[in-house]
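Numbering (this note's numbering), first residue to last: 5 to 647.
As structure tokens, the structure follows; a few thoughts come after it.
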């Protein structure tokens, strides 16, 4: 330093030691940095603590020129403090510190030209803070100044360690206090004369005392029977015979305890001893046996109920509810088994009534989240003004009627699976929130600025063409691609061939048991009717049809009459059919067969495409293929039917 050397090192040491000897904490640091700056004629000196997680320094005291700077905190990267924390020695920049650290925003405003600093460490060597100084002129290396700096760094380090010790002691005391006061079992501390010295709230309640003063200072003998008091004395005697510093003993048989009103209760009891200030103390734990037995009985009852409910849930959700063996369904079940063990987002598409929720349940039941409940939401059934609150929750006062906080379904579904049925109905304003959940796993309740994390597997379903909705601007393209990670398309019932009969028989059995009816069976005529119908409502329509047929049936005979409207449509579409005639089911089947064969001949047996038979009949190619199979139409057997 280009200046006259101030007072001798011993005088500086004497002065600073005198100033700091009677202070601790924040006041100690203020005295230290002020005296160090003045004695060494430095522009500024400060001492900080260090936050390892944030890589951040927080000033405990900062003396600059002629005043204290309050709340001076800063990030370490890009500053001269960074190499300080990487070394055990003094880091010294004698000149042009701004040129060396141009990205430090504070050096220029502070008028820094030179700098030195040293890390402060805990006993294990980890960094807990640092002591630093800067000057507005070059700072040359002077051995005695460096020695002084190290001495007072050691003083600052010792004070930081002391503060950390105090914090840990206070934290431990608080933990012990919370542990004891929060314990459900009664705890009493007694001295060598078995006089009660401490208690916890559970013990107060157990012995009928409202305040600690009603039990502390009294003899334990007042709260246990004479026989058990002597049993306790015997246990204490045995404790003293043990050769261990941490001695405890479970006392066999139940204690008979008495509360303040003289009422007795049974208790399980254990005792431990410890030494403090060369005196013996005993800690006694009391567990109310009657309450414990009640709790055990209640737990047993709840466990039994849980097992019953689990069996019921298994019955409701068992994969057997997915009925059929058509190739199209077997493909779907293959995809389910492939995607279920992963956490991939699944989009289930298909017409209304094809059983999309059953597929979602099958995916969940075969996933790693199967032990949690599947949360199901029908986006079309919720009013648009309530769906955000339902999915993401809200805070009190978020809107009129929000009188309390509410957790949304994405919060409840954490660690589980959420099934968003009819996701195409989700308002576009909420689609961005759903996208955030899918991408970041986080959301904010309505009216809240707090962000919540959630670990949810999302399965969605829709009967809409989402790509078309994207083109129309009704659905976010980025959300569509995020949902469409693993698409599963459910075929309509008309494309599943004999599955119609298998499902119908399942519903017959289900509803006959539910209605307490005699078993009913499908006749050949019923089978033909079921197979010849196109089922626009799919499985849901078939279920309703079977239920209605059973209600109208008598003597085990089903009353299936579902083709009334389609018969009229076919008669009107065929010029050879007179509306004055009434046709049997077989005649209708033959009419449909002839009509399809005519279209196939006209299209030269081309099924799909612009001039295919499906286009002539104005029906999807998959539907036409399914009807051809149901009606037994092949090119070979139909060649001579129509010239």
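Here a beta-carbon is modelled for each residue, glycine too, at the ideal position from N, C-alpha and C.
Predicted, not measured: the structure shown is a model, and the values here were computed from it.
Can you give me the C-alpha to C-alpha distance between residue i and residue j, rounded to a whole angstrom?
{"i": "residue 554", "j": "residue 507", "result": "15 Å"}
{"i": "residue 273", "j": "residue 254", "result": "6 Å"}
{"i": "residue 228", "j": "residue 451", "result": "56 Å"}
{"i": "residue 91", "j": "residue 64", "result": "21 Å"}
{"i": "residue 66", "j": "residue 130", "result": "23 Å"}
{"i": "residue 619", "j": "residue 399", "result": "55 Å"}
{"i": "residue 636", "j": "residue 531", "result": "15 Å"}
{"i": "residue 625", "j": "residue 598", "result": "17 Å"}
{"i": "residue 271", "j": "residue 263", "result": "12 Å"}
{"i": "residue 1", "j": "residue 332", "result": "Here the chain comprises residues numbered 5 to 647, so residue 1 is not present and cannot be evaluated."}
{"i": "residue 94", "j": "residue 138", "result": "13 Å"}
{"i": "residue 431", "j": "residue 408", "result": "25 Å"}
{"i": "residue 596", "j": "residue 335", "result": "29 Å"}
{"i": "residue 222", "j": "residue 210", "result": "15 Å"}
{"i": "residue 76", "j": "residue 111", "result": "13 Å"}
{"i": "residue 173", "j": "residue 163", "result": "15 Å"}
{"i": "residue 204", "j": "residue 364", "result": "51 Å"}
{"i": "residue 287", "j": "residue 133", "result": "41 Å"}
{"i": "residue 146", "j": "residue 120", "result": "12 Å"}
{"i": "residue 225", "j": "residue 232", "result": "9 Å"}
{"i": "residue 199", "j": "residue 192", "result": "10 Å"}
{"i": "residue 230", "j": "residue 279", "result": "27 Å"}
{"i": "residue 57", "j": "residue 80", "result": "12 Å"}
{"i": "residue 168", "j": "residue 53", "result": "11 Å"}
{"i": "residue 86", "j": "residue 35", "result": "25 Å"}
{"i": "residue 31", "j": "residue 49", "result": "15 Å"}
{"i": "residue 124", "j": "residue 103", "result": "26 Å"}
{"i": "residue 546", "j": "residue 511", "result": "9 Å"}
{"i": "residue 617", "j": "residue 638", "result": "14 Å"}
{"i": "residue 489", "j": "residue 101", "result": "55 Å"}
With H, G and I counted as helix, E and B as strand and the rest as coil, what does DSSP make of residue i?
{"i": "residue 553", "result": "helix"}
{"i": "residue 229", "result": "coil"}
{"i": "residue 71", "result": "strand"}
{"i": "residue 546", "result": "helix"}
{"i": "residue 120", "result": "strand"}
{"i": "residue 132", "result": "strand"}
{"i": "residue 534", "result": "helix"}
{"i": "residue 29", "result": "helix"}
{"i": "residue 286", "result": "strand"}
{"i": "residue 635", "result": "helix"}
{"i": "residue 278", "result": "strand"}
{"i": "residue 145", "result": "coil"}
{"i": "residue 323", "result": "Because the pLDDT at residue 323 is just 48, under 50, the model does not fix this residue reliably, and the value given afterwards should be weighed accordingly. Three-state result, residue 323: helix."}
{"i": "residue 213", "result": "coil"}
{"i": "residue 460", "result": "coil"}
{"i": "residue 127", "result": "coil"}
{"i": "residue 173", "result": "helix"}
{"i": "residue 452", "result": "coil"}
{"i": "residue 588", "result": "coil"}
{"i": "residue 270", "result": "strand"}
{"i": "residue 240", "result": "helix"}
{"i": "residue 291", "result": "strand"}
Have a look at the options and flag the residue whose alpha-carbon is nearest the alpha-carbon of residue i.
{"i": "residue 627", "options": "537, 261 and 641", "result": "537"}
{"i": "residue 344", "options": "613, 39, 491 and 200", "result": "491"}
{"i": "residue 239", "options": "259, 221, 223 and 94", "result": "259"}
{"i": "residue 516", "options": "411, 552 and 217", "result": "552"}
{"i": "residue 265", "options": "218, 361, 387 and 547", "result": "218"}
{"i": "residue 153", "options": "414, 357, 468 and 44", "result": "44"}
{"i": "residue 73", "options": "33, 281 and 119", "result": "33"}
{"i": "residue 421", "options": "402, 434, 47 and 442", "result": "442"}
{"i": "residue 493", "options": "158, 609 and 354", "result": "354"}
{"i": "residue 89", "options": "591, 115 and 55", "result": "55"}
{"i": "residue 648", "options": "160, 143, 115 and 128", "result": "Summary: the structure shown does not reach residue 648, with the chain confined to residues 5 through 647, and so no result is reported for it."}
{"i": "residue 386", "options": "361, 402, 428 and 58", "result": "428"}
{"i": "residue 28", "options": "547, 236 and 165", "result": "165"}
{"i": "residue 487", "options": "623, 436, 603 and 101", "result": "436"}
{"i": "residue 434", "options": "483, 465 and 406", "result": "483"}
Could you tell me whether any Cβ in chain B is nearer than 8 Å to the Cβ of residue i?
{"i": "residue 434", "result": "No chain B appears in the structure shown, which is made up of a single protein chain."}
Taking one C-beta from the region 477-486 and one from the region 366-374 each time, how about it: are there three or more such pairs within less than 8 Å?
Counting Cβ pairs under 8 Å, fewer than three are found: no touch.
Report the start-end ranges of each alpha helix (DSSP H) in the region 325-382 that is 4 residues or longer and not cut off at the edges.
Qualifying alpha helix (DSSP H) stretches, in chain order: 331-343 and 360-369.
So, does the region 431-451 touch the region 385-402, judging by three or more C-beta pairs under 8 Å?
Look at the beta carbons and you see the region 431-451 touching the region 385-402: at least three pairs across the two are nearer than 8 Å.
Should the region 451-468 be called in touch with the region 347-355, which here means at least 3 C-beta pairs below 8 Å?
By the C-beta criterion, the region 451-468 is judged to be in contact with the region 347-355, since at least 3 inter-stretch pairs fall below 8 Å.
Uninterrupted beta strand (DSSP E) stretches inside the region 469-530 (no shorter than 3 residues)
Entirely contained in the region 469-530, the beta strand (DSSP E) runs reaching 3 residues are, in chain order, 490-493.
Would you mind listing the beta strand (DSSP E) stretches within the region 400-448 that are 3+ residues and don't spill past its ends, in chain order?
Runs of the beta strand (DSSP E) inside the region 400-448: 421-425.
Complete alpha helix (DSSP H) runs within the region 35-118 (minimum length 4 residues, chain order):
Complete alpha helix (DSSP H) runs here, min 4: 85-88 and 101-104.
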